[in-house]
Amino acid sequence: MKIKFFLFSLLAIIFLGCSDDEHTLSKQIQNSWKLEGFGNNTEYNEISSCETCYTLTFHNTNKFYGYTLANSIAGEYNINKESISFKDFLMTKVNEPQIKGFKGYFEGYLELVHSFTLTEKSLKLYYGDRGEYMLFRLIYQDLD
Numbered sequence: 088m089k090i091k092f093f094l095f096s097l098l099a100i101i102f103l104g105c106s107d108d109e110h111t112l113s114k115q116i117q118n119s120w121k122l123e124g125f126g127n128n129t130e131y132n133e134i135s136s137c138e139t140c141y142t143l144t145f146h147n148t149n150k151f152y153g154y155t156l157a158n159s160i161a162g163e164y165n166i167n168k169e170s171i172s173f174k175d176f177l178m179t180k181v182n183e184p185q186i187k188g189f190k191g192y193f194e195g196y197l198e199l200v201h202s203f204t205l206t207e208k209s210l211k212l213y214y215g216d217r218g219e220y221m222l223f224r225l226i227y228q229d230l231d
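Under the numbering used here, read the sequence shown as residues 88 to 231, first letter to last.
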């Protein structure tokens with residue numbers, strides 16, 4: 088009986104621990120982030136930017152919104168351990184210029200994002216199979 092109780096307790100701790108980690112990551116990402124640049128395993132390029140360009144804000148409802156250079160973007164995100172995905176995009180499409188160095192548009196890269204790393208003040212969204220990423224810096228904290 089004691090062995091069954093011990094095993095049950097151990098399993099409960101393991102399962103509850105995993106969900107706390109995911110909750111913590113989800114809570115940490117729920118802020119506003121500004122795109123600083125993009126890179127891969129061998130190089131990094133900063134982008135010239137304006138104050139409100141290329142931002143993403145994540146909310147606790149698994150919704151996000153943001154701004155490109157000329158448009159706004161919104162949709163849903165899902166976090167599962169170190170993976171993140173974006174879906175159900177809504178975006179205005181008014182005269183959006185390409186970012187120099189990007190091979191497309193900002194929202195096109197969001198559709199390809201598959202994983203992320205998160206520190207206190209930076210967020211890397213990985214979108215390629217060769218280590219390609221977008222680097223974001225924290226601009227506003229503790230949003231609900």
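Where is the CB? At the ideal position from N, CA and C, for every residue including glycine.
Environment of residue i [buried if 16+ CB atoms lie within 10 Å]
i, result
"Val-200", "buried"
"Phe-223", "buried"
"Leu-210", "buried"
"Thr-204", "exposed"
"Leu-177", "exposed"
"Thr-142", "buried"
Straight-line gap, residue i to residue j (C-alpha atoms, nearest Å)
i, j, result
"Ser-202", "Ser-170", "4 Å"
"Phe-93", "Ile-134", "Only weak support is given to the placement of Phe-93: the predicted model assigns it a pLDDT of 45, under 50, and the value that follows is read from those uncertain coordinates. Near 55 Å, if we compare the C-alpha coordinates of Ile-134 and Phe-93."
"Gly-153", "Lys-168", "23 Å"
"Arg-217", "Glu-130", "12 Å"
"Lys-91", "Thr-144", "Because the pLDDT of Lys-91 is 49, which lies under 50, any placement of that residue in the model is unreliable, and the number read from its coordinates should be weighed accordingly. When rounded, the distance between both Cα atoms is 46 Å."
"Ile-226", "Tyr-213", "20 Å"
"Leu-122", "Thr-179", "19 Å"
"Ser-172", "Gly-195", "13 Å"
"Glu-163", "Thr-155", "17 Å"
"Gln-115", "Glu-207", "8 Å"
"Glu-138", "Trp-120", "11 Å"
"Glu-198", "Ser-159", "15 Å"
"Glu-175", "Asn-132", "In the sequence as presented, Glu is not what sits at residue 175; that position holds Asp. Each residue's Cα considered, the two are about 29 Å apart."
"Gly-215", "Cys-140", "23 Å"
Start and end residues, beta strand (DSSP E) containing residue i
i, result
"Gly-195", "Note, Gly-195: premise wrong, no beta strand (DSSP E); alpha helix (DSSP H) at 193-199."
"Gly-162", "159-167"
"Ser-170", "170-178"
"Asn-132", "131-133"
heavy atom of the ligand FMN below 7 Å from residue i C-beta
i, result
"His-146", "For the structure depicted, the ligand FMN is absent and the ligand set is empty, with no information on it obtainable."
Sheet register partners of residue i (DSSP bridge)
i, result
"Thr-142", "Lys-121, Tyr-154"
"Ser-256", "No information on residue 256 is available, as it lies outside the stretch 88 to 231 that the chain covers here."
"Gly-126", "Tyr-131, Tyr-220"
"Thr-204", "Lys-211"
Beta-carbon proximity check, residue i vs residue j, cutoff 8 Å
i, j, result
"Val-181", "Ala-157", "yes"
"Asn-147", "Asn-165", "no"
"Asn-127", "Glu-219", "yes"
"Met-221", "Phe-125", "yes"
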